[in-house]
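A short write-up of the structure that comes next.
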Amino acid sequence: MTKTGPAPSNTGLEAHYRQMRRIRSFEERVGELFVRGESAGSMLHLSIGEESAAVGVCSAMRDGDTFTTHHRGHGIFLARGADPNRMMAEIAGKATGYCHGKGGSMHIADMSLGHLGANAIVGGGIPAVVGAALAARRRGTGQLSVAFFGDGAMGQGILYESMNMAALWDLPAVFVCINNQWGMGTRIDQATRVTALHDRAAAFGLAAETVDGRDVREVQAAAARILDGARAGRPGFLAVECYRFFGHARKDKSPYRSPKEEAAGRSRDPVAFARDALIAAGMAEARLDEIDQAIATEMEASIDAAIAAEEPPLQAMFRDVFAPDAPEPEPLARRIDRVLARD
Amino acid sequence: METLTYREALRRALADAMEEDPDVFVIGEEVGRYGGAYGVTKGLIEQFGPDRLIDTPISEAAIVGTGVGAAMAGMRPVVELMYVDFIGMTMDQLANQAAKIRYMFGGQIGVPMVLRTQGGTGRSAGAQHSQSLEAYVMHTPGLRLAMPATVADAYHLLRQALRQPDPVVFIEHKALYALSEAVDLAAPVPDWGRAALRRPGGDLAIVSYSRQLHHALAAAERLDAEGIAAAVIDLRTLNPLDFETVRGAVEAAGRAMVVSEGPLTAGVAAELAARISEECFDFLENPVLRVAGEDVPISVSPGLEAASVPTPELIVDAARRLMA
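These protein sequence lines are chains A and B, in that order. The letter at position 248 of the first sequence is residue 248 when you use this note's numbering, and the numbering goes up by one with no holes. With positions in the second sequence counted from 1, the corresponding number in this note's numbering is that position plus 1000.
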């Protein structure tokens, strides 16, 4: 049931382009952070090629809406208003990051922006959206809750449990599958017989669509249909078809797929597509270059700030296991001293 | 004073909490129309309606995950997991999500969810419906763990659990639901996280919790007739763990035994015994004894089932030899 809406206009396309360019630029800087040895570890999953999914869906969200993301969620968080400086600091494991360096790329969160958390367990963040939607409906807040995940999560049972419950209870919840065709080194057709992913959601009674992610305007239009329906009590599912431009994580050079396939996938670049559309609509290339340059400067600064930022103090290790007024766990060294201090 | 069963005390705690706080709701399999597999929530749906007694499909992982999301959104979910044996299905949501959200997110938010479940032997329910899996929970930083042994605690620990800012796993014992005691629910009880000295005694300290508390008390009664005064401690919560109360009783007696229904190896009794051995070493006259479940699955055969976990006879016998 892939639908085609009315022909998209260029209204808002420049704003979408800026957002997608910011994501692309941020992710390129994350790659640079890794190459420079300044990231905390190598568990960095870039969303280059998937910018239209983040921007298209997030542009249909409203202030106060909540969401969870997956391990490839930098772009979504940026599209919801994240501060790239605090994000980059978190990815570098620094005290100035969103989670004071304890979460990193895959566990970044910000309650003030409705980000209930990225997740390093495939599908792990999906049911929280059911709970948040249940709470929103009970309290009459009008909030919507959106779960973002990749095509890999289509193999996880908890997705189906969650979609079933959301549909059963008519919750203001939306499930967004960013189908970049690859779950680590396994292509979608190597993981399932049914690659029309929205069919599965429809089977649970969700309003379900698949949209081509090349044109962010198409994604936004589809997302608006699905999200508006969910707000009115008909939960939905949207699969956004795109391509993972690079390897699974920073060290992965994708030896399991052909250069030909990669070239075809990368030719469906949503950022380039939006740029071409803006030029075709009369925007000067020089103006677009200025936009790109300003964004590159902003993102470069986030790297410098992250590298310069303080590490969390060691005592922070014992903080926030439980609520602040609870006693912190006793450090092992102190415990050993205590046990051996016999007289 | 009034006479209540453990089951009724739990129900009363839920009803009082829901009465007091509109954010409290119960969600789980068969909690509403059916009234709970062990009848704890019976009648509550008539009082509070289906929006607060939410019946779910059989989807344990997503039920717990829904509780996590609702708690993050400001609600006070009571998630019922019908049997603790099903915890494996929920372990990602419990151990990777609920337990770690406050920490991973740098203290931004907690998950004030209570996961009510029940475990233990006593009903010939077999290997997949009779386990004592509290060690799984105790082994996971970020989770609180309460295991009420008495009717008063069934009420008060659940009320206290519902005031905690962090996730609490609340494990009832299936063999205690019909336990009937005269209680005054208005009488003061120990604070959350404090153990209770259920019986004083200067010869031996028996540390226990949940149903094994009753076996330990029965054993202490018999030992008393033989001239052995055994102190019996009810831990009440395993996280927080009140080691100071344990230390006091062990240091006074010089002999200690930990009684638990969970399997012996790497279990709650093992942790307690290690702590006692480390911290009370100079006071011990004998090794700390673990009296725990056998390292076997639980059988349906009533004879095999009963022999798989500590009995009062075993506790008495072990205590005599510890005193010798």
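Using N, Cα and C, we set each Cβ at its ideal position, and we do this for glycine too. Since we're looking at a predicted model, the values are computed, not measured.
* **Where B/R1321 falls, given that 16 or more other Cβ within 10 Å makes a residue buried** => For the purposes of this step, residue 1321 of chain B is taken as residue 321 along the second sequence, with counting starting at 1. In the assembly as shown, B/R1321 is an exposed residue. Its beta-carbon has fewer than 16 other beta-carbons within 10 Å.
* Under a Cβ-count criterion, where at least 16 other Cβ atoms within 10 Å of its own Cβ denotes burial, should A/T4 be classed as buried or exposed? -> Sequence index remark: in the first sequence, residue 4 of chain A carries index 4 (1-based). With a pLDDT of only 45 at A/T4, under 50, the local geometry of the prediction cannot be trusted, and no value is derived from it.
* To do: Please list the residues of the region 175-191 of chain A that have a C-beta atom closer than 8 Å to any C-beta atom in chain B, keeping them in chain order.
  => Of all residues in the region 175-191 of chain A, none has a Cβ within less than 8 Å of some Cβ in chain B.
* Note down the Cα distance separating A/P6 from A/V216, rounded to an integer number of angstroms. => Here residue 6 of chain A is taken as the residue at index 6 of the first sequence, counted from 1. Here residue 216 of chain A is taken as the residue at index 216 of the first sequence, counted from 1. Confidence in A/P6 is poor, its pLDDT being 47 and thus under 50, which makes the residue's placement too unreliable to answer from.
* **Exposure of A/L340, with buried meaning 16 or more beta-carbon neighbours within 10 Å** => Residue mapping note: residue 340 of chain A aligns to position 340 of the first sequence, counting from 1. It counts as exposed.
* To do: Per DSSP, which residues does B/F1025 bridge with? Please list them.
  => Counting from 1 along the second sequence, the entry for residue 1025 of chain B is found at position 25. Beta-bridge pairing links B/F1025 to B/P1077.
* Asked: Short check: CB of A/P235 to CB of A/A167, under 7 Å?
  -> Locating residue 235 of chain A in the first sequence gives position 235, counting from the first residue. Locating residue 167 of chain A in the first sequence gives position 167, counting from the first residue. Taking 7 Å as the Cβ cut-off, A/P235 and A/A167 qualify as a contacting pair.
* **Spatial distance of B/S1208 from B/V1189 (CA atoms)** => Numbered from 1 along the second sequence, position 208 holds the residue referred to as residue 1208 of chain B. Numbered from 1 along the second sequence, position 189 holds the residue referred to as residue 1189 of chain B. The C-alpha of B/S1208 lies about 18 Å from the C-alpha of B/V1189.
* Tell me, to the nearest whole angstrom, how far the beta carbon of B/R1159 is from that of B/A1249; I am working on the premise that it is less than 8 Å. => Taking the second sequence and counting its residues from 1, one reaches residue 1159 of chain B at position 159. Taking the second sequence and counting its residues from 1, one reaches residue 1249 of chain B at position 249. Rounded, the Cβ-Cβ distance is 26 Å, inconsistent with contact.
* Asked: Are the CB atoms of B/Y1177 and B/H1129 nearer to each other than 7 Å?
  -> As a position in the second sequence, residue 1177 of chain B is number 177, starting the count at 1. As a position in the second sequence, residue 1129 of chain B is number 129, starting the count at 1. Note that the C-beta distance between B/Y1177 and B/H1129 is not below 7 Å.
* Which residues does DSSP pair with A/F77 in a beta bridge? -> Start at 1 with the first residue of the first sequence, and residue 77 of chain A comes out as number 77. Beta-bridge pairing links A/F77 to no other residue.
* Asked: Where does B/G1119 sit, in a helix, a strand or coil, going by DSSP?
  -> By one-based count along the second sequence, residue 1119 of chain B stands at place 119. In the three-state scheme derived from DSSP, where H, G and I count as helix and E and B as strand, B/G1119 is classed as strand.
* To do: Please state whether DSSP places A/D212 in a helix, a strand or coil.
  => Residue mapping note: residue 212 of chain A aligns to position 212 of the first sequence, counting from 1. In this structure, A/D212 counts as strand in the three-state DSSP scheme.
* **beta strand (DSSP E) segments (min. 3 residues) lying fully within the region 91-157 of chain A** => 145-150, all fully within the region 91-157 of chain A.
* **Delimiting residues of the beta strand (DSSP E) encompassing B/A1231** => The residue given as residue 1231 of chain B occupies position 231 in the second sequence. Boundaries of the beta strand (DSSP E) harbouring B/A1231: A1230 to D1234, taken from the DSSP string.
* Can you list the residues of chain A that B/E1356 reaches, using a CB-CB cut of under 7 Å? -> What the structure shows of chain B is the stretch from 1001 to 1324, and residue 1356 of chain B is not part of that stretch, so it cannot be assessed.
* **Three-state secondary structure assigned by DSSP to A/G59** => Stepping through the first sequence from its first residue, residue 59 of chain A is reached at position 59. It is Ser, not Gly, that sits at residue 59 of chain A in the sequence shown. In the structure shown, A/S59 sits in coil (DSSP, three-state: anything other than H, G, I, E or B).
* Is the region 1197-1206 of chain B close to the region 1219-1236 of chain B, with three or more CB pairs under 8 Å? -> Yes, they touch.
* **Same chain, Cβ closer than 6 Å to A/T96, neighbours up to 5 away in sequence not counted** => On the first sequence, residue 96 of chain A is found 96 positions in, with the first residue counted as 1. Once the five neighbours on either side are set aside, the close Cβ partners of A/T96 are A89 and A309.
* **Cβ contact (3+ pairs, closer than 8 Å) linking the region 40-58 of chain A and the region 14-26 of chain A** => Contact between the region 40-58 of chain A and the region 14-26 of chain A is present, with at least three C-beta pairs closer than 8 Å.
* Using the C-alpha atoms, what's the distance from A/R72 back to A/V35? -> Translated into positions along the first sequence, residue 35 of chain A becomes position 35. Translated into positions along the first sequence, residue 72 of chain A becomes position 72. Their Cα atoms are separated by approximately 18 Å.
* For B/G1142, decide whether its Cβ has a neighbour in chain A, counting only Cβ atoms nearer than 7 Å. => Against the second sequence, residue 1142 of chain B aligns to sequence position 142. Chain A contact via Cβ: present.
* To do: Check whether the Cβ atoms of B/R1007 and B/V1040 sit closer than 7 Å, and answer yes or no.
  => Mapped onto the second sequence, residue 1007 of chain B falls at position 7. Mapped onto the second sequence, residue 1040 of chain B falls at position 40. Result yes, Cβ atoms of B/R1007 and B/V1040 sit closer than 7 Å.
* To do: Would you mind reading off the limits of the beta strand (DSSP E) that contains B/H1173?
  => As a first step, residue 1173 of chain B must be located in the second sequence, where it is residue number 173. Per DSSP, B/H1173 belongs to the beta strand (DSSP E) from V1168 to H1173.
* Candidates B/G1106, B/R1116, B/V1259 and B/G1107: closest to B/T1090 by CA position -> Indexing the second sequence from 1 puts residue 1090 of chain B at position 90. The residue from B/G1106, B/R1116, B/V1259 and B/G1107 with its alpha-carbon nearest to that of B/T1090 is B/R1116.
* Closest Cα partner of A/G117 within the set B/S1124, B/Q1097 and B/S1132 -> As a working note, residue 117 of chain A is residue 117 in the first sequence. Answer by Cα proximity: B/Q1097.
* Residues in its own chain within less than 7 Å of B/S1024 by CB, not counting five upstream and five downstream? -> As a working mapping, residue 1024 of chain B is identified with position 24 in the second sequence. Sequence check: residue 1024 of chain B is Val here, not Ser. Taking C-beta separations shorter than 7 Å and ignoring five residues to either side along the sequence, the partners of B/V1024 in its chain run A1017, M1018, R1076, V1078 and L1162, following chain order.
* Nonlocal neighbours in the same chain, by C-beta distance under 6 Å from B/H1156, ignoring five residues either side -> Residue 1156 of chain B sits at position 156 when you count from the first residue of the second sequence. Taken in chain order, the residues that qualify are V1189.
* Asked: A/P8 to A/V219, Cα distance in whole Å?
  -> Here residue 8 of chain A refers to the residue found at position 8 when the first sequence is read from its first residue. Here residue 219 of chain A refers to the residue found at position 219 when the first sequence is read from its first residue. Any reading at A/P8 must be qualified, since the residue scores a pLDDT of 49, below 50, and its modelled position is unreliable; the value itself is stated next. Here the alpha carbons of A/V219 and A/P8 stand approximately 10 Å from one another.
* Give the DSSP bridge partners of A/T68, in chain order. => Locating residue 68 of chain A in the first sequence gives position 68, where the first residue counts as 1. A/T68 pairs with A/A147.
* Completely contained alpha helix (DSSP H) runs for the region 251-326 of chain A, where each covers 4 or more residues -> The qualifying runs are 259-266, 270-280 and 285-308.
* If you draw a straight line from the C-alpha of B/A1231 to the C-alpha of B/E1278, how long is it? -> Along the second sequence, one-based indexing puts residue 1231 of chain B at 231. Along the second sequence, one-based indexing puts residue 1278 of chain B at 278. Between B/A1231 and B/E1278, the C-alpha separation is close to 20 Å.
* To do: Please classify B/T1005: does DSSP put it in a helix, a strand, or coil?
  => Here residue 1005 of chain B is taken as the residue at index 5 of the second sequence, counted from 1. Three-state result, B/T1005: strand.
* Asked: Are A/G75 and A/E51 close, meaning C-beta to C-beta below 7 Å?
  -> Here residue 75 of chain A corresponds to residue number 75 of the first sequence, with the count starting at 1. Here residue 51 of chain A corresponds to residue number 51 of the first sequence, with the count starting at 1. Yes, they are a contact pair.
* chain B beta carbons: is any one of them nearer than 7 Å to that of A/C58? -> To locate residue 58 of chain A, count along the first sequence from 1; it is residue 58. At a cut-off of 7 Å, the C-beta of A/C58 has no neighbouring C-beta in chain B.
* To do: Compute the Euclidean distance between the alpha carbons of A/L113 and B/V1288, then round it to the nearest angstrom.
  => Within the first sequence, the letter at position 113 stands for residue 113 of chain A. Within the second sequence, the letter at position 288 stands for residue 1288 of chain B. Rounded to whole angstroms, A/L113 to B/V1288 spans 52 Å at the Cα level.
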